[in-house]
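K.L.:
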Amino acid sequence: MPAIPSSRSRTRDRNNVMSRPEFMSLNQPLWSGNSESRGNSRRPGQPKHQASLPCDPQEPTDSASKERKEPTKLPEEDCIQLNPSFKGIAMSSLLAIDICLSKRLGVCAYTSSSWGTVRSMVTLLAFTGHGITWIIGTIVCLTRSNTLAGQEVLVNLLLALLLDVMTVAGVQKLIKRKGPWEMSPGFLDYCVMDVYSFPAAHASRAAMVSKFLLSHLVLAVPLRILLVLWAFLVGMSRVLLGRHHLTDMACGFALGLLHFSLVETVWLSSSACQTLISIGTLSWSSFY
1 MPAIPSSRSR
11 TRDRNNVMSR
21 PEFMSLNQPL
31 WSGNSESRGN
41 SRRPGQPKHQ
51 ASLPCDPQEP
61 TDSASKERKE
71 PTKLPEEDCI
81 QLNPSFKGIA
91 MSSLLAIDIC
101 LSKRLGVCAY
111 TSSSWGTVRS
121 MVTLLAFTGH
131 GITWIIGTIV
141 CLTRSNTLAG
151 QEVLVNLLLA
161 LLLDVMTVAG
171 VQKLIKRKGP
181 WEMSPGFLDY
191 CVMDVYSFPA
201 AHASRAAMVS
211 KFLLSHLVLA
221 VPLRILLVLW
231 AFLVGMSRVL
241 LGRHHLTDMA
251 CGFALGLLHF
261 SLVETVWLSS
271 SACQTLISIG
281 TLSWSSFY
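Be aware that the sequence shown starts at 1, since it is given in the UniProt record's numbering, and climbs by one per residue.
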């Protein structure tokens with residue numbers, strides 16, 4: 001008699017479809033966890049000891065999922081400031097206007113430009129404000145001068161020119177601003193270290209020289225007007241040639257006037273100038 005119920009139970013289990021091996025996964029209880037708990041469930045064919053090992057939360061099982069979770073950090077220059085300051089907006093706007101106007105005014109930048117036919121004349125005008133031109137010219141005039149007053153003025157002018165060249169070269173090297181047009185400097189520009197755009201060396205030199213000559217030479221009114229006009233045209237010629245921005249020219253004029261004020265403050269006397277001339281010409285008779 002006890003064998004009859006056991007045979008019925010085996011027959012019932014055999015007829016039950018859910019007891020087959022291929023349907024065993026349907027008998028498992030439903031998990032309400034996230035995708036990580038589903039990923040940790042034992043796959044078919046996986047050893048039992050691997051499925052029963054607990055997963056360390058500090059060690060991610062998939063490096064790709066970790067990269068998806070962590071947000072990628074963009075470079076600082078690629079990020080957009082959602083709340084920029086008024087000062088930043090104003091400076092960016094002025095800079096954009098400066099670049100746009102400077103590019104439009106560079107009408108002599110190349111021979112194929114709109115004013116390319118007068119490029120040689122504008123280049124010659126810019127050459128009159130070059131540092132090499134004024135330094136060599138001042139030395140030649142100094143060697144031909146016979147008066148103490150003239151030598152005093154020329155020595156101070158030479159020192160002012162050297163101060164202007166060194167100061168502008170230092171500021172340009174510090175800021176390293178490029179011009180509105182990508183143009184390589186010439187050989188003479190490398191000689192006076194006029195490589196970068198800010199500030200404009202020609203504008204600084206023209207403003208300093210014109211102010212110096214107006215203060216220490218007796219000139220008629222038409223010559224004074226022509227001297228001021230020359231200084232402005234020299235600074236503007238570099239903008240027309242595409243070498244400098246408008247702000248470079250304006251800052252160059254301001255720096256040239258500052259150089260003049262500094263030279264006037266530390267003006268060398270006639271005796272000090274004669275000492276420098278004796279040292280420069282290797283004539284030591286004035287020391288005895």
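Note that CB positions come from ideal geometry on N, CA and C, so glycine has one too. All of these numbers come straight from a predicted model, not from anything done at the bench.
Quick one: any contact between the segment 189-202 and the segment 82-98, if contact means 3 or more CB pairs under 8 Å?
P.N.:
Segments in contact, no.
K.L.:
Which residue comes first and which comes last in the alpha helix (DSSP H) that contains Arg-119?
P.N.:
Where Arg-119 is concerned, the enclosing alpha helix (DSSP H) stretches over 119-127.
K.L.:
Where in the segment 160-232 do unbroken runs of the beta strand (DSSP E), each at least 3 residues long, occur, reported from the N-terminal end onward?
P.N.:
Complete beta strand (DSSP E) runs here, min 3: none at all.
K.L.:
Shortest alpha-carbon distance to Phe-260 belongs to which of Thr-123, Leu-213, Val-195, Thr-143?
P.N.:
If we check each option's Cα against that of Phe-260, Leu-213 comes out closest.
K.L.:
Are three or more beta carbon pairs between the segment 227-240 and the segment 120-136 nearer than 8 Å?
P.N.:
Flag = yes, the segment 227-240 and the segment 120-136 touch.
K.L.:
Let me know the secondary structure DSSP gives Leu-156 once reduced to three states.
P.N.:
The sequence shown places Asn at residue 156, rather than the Leu named in the question. Asn-156: helix per DSSP, three-state reduction.
K.L.:
Under three-state DSSP, which class holds Leu-276?
P.N.:
In this structure, Leu-276 counts as helix in the three-state DSSP scheme.
K.L.:
Output the boundary residues of the alpha helix (DSSP H) element that contains Trp-134.
P.N.:
Unbroken alpha helix (DSSP H) run through Trp-134: 131-144.
K.L.:
Mapping DSSP to helix, strand and coil, what is Ala-96?
P.N.:
In this structure, Ala-96 counts as helix in the three-state DSSP scheme.
K.L.:
Hey, how far is the Cα of Val-263 from the Cα of Leu-157?
P.N.:
Going from the Cα of Val-263 to the Cα of Leu-157 covers about 8 Å.
K.L.:
Kindly indicate which three-state DSSP category His-244 falls into: helix, strand or coil?
P.N.:
Looking at His-244 - three-state DSSP - the assignment turns out to be coil, as it is neither helix nor strand.
K.L.:
With DSSP as the reference, label Thr-265 as helix, strand or coil.
P.N.:
Looking at Thr-265 - three-state DSSP - the assignment turns out to be helix.
K.L.:
In whole angstroms, what is the alpha-carbon distance linking Ser-204 and Ile-132?
P.N.:
Cα-Cα distance, rounded: 14 Å.
K.L.:
What three-state label does DSSP hand Ala-109 in the structure shown?
P.N.:
The answer is coil: DSSP assigns Ala-109 none of H, G, I, E or B.
K.L.:
Leaving out the 5 sequence neighbours to the left and right, which residues in its chain are closer than 8 Å to Leu-219 when beta-carbon positions are compared?
P.N.:
Around Leu-219: Leu-213, Leu-227.
K.L.:
So His-245 and Ser-102 are supposed to be a Cβ contact under 8 Å. How far apart are they, rounded?
P.N.:
So it is a contact: roughly 4 Å between Cβ atoms.
K.L.:
Would you kindly work out how many angstroms separate the C-alpha atoms of Pro-222 and Phe-232, rounded to a whole number?
P.N.:
Cα to Cα, Pro-222 sits roughly 16 Å from Phe-232.
K.L.:
Taking 8 Å as the threshold, find out whether the segment 146-155 comes into contact with the segment 169-183 through three or more Cβ pairs.
P.N.:
No contact exists between the segment 146-155 and the segment 169-183.
K.L.:
Mapping DSSP to helix, strand and coil, what is Ser-102?
P.N.:
If DSSP states are grouped into helix, strand and coil, Ser-102 belongs with the helices.
K.L.:
From Phe-253, Ser-184, Val-155, Arg-224, pick the residue whose C-alpha is nearest to that of residue 337; which is it?
P.N.:
Residue 337 lies beyond the stretch modelled for the chain, which goes from 1 to 288, so this question has no answer here.
K.L.:
Does the beta-carbon distance from Met-193 to Ala-169 come in below 8 Å?
P.N.:
Contact flag set, yes.
K.L.:
Grab me the residues of Leu-276's own chain with a C-beta within less than 7 Å of its C-beta, minus the 5 sequence neighbours each way, in chain order.
P.N.:
Same-chain partners within the cutoff: Val-155.
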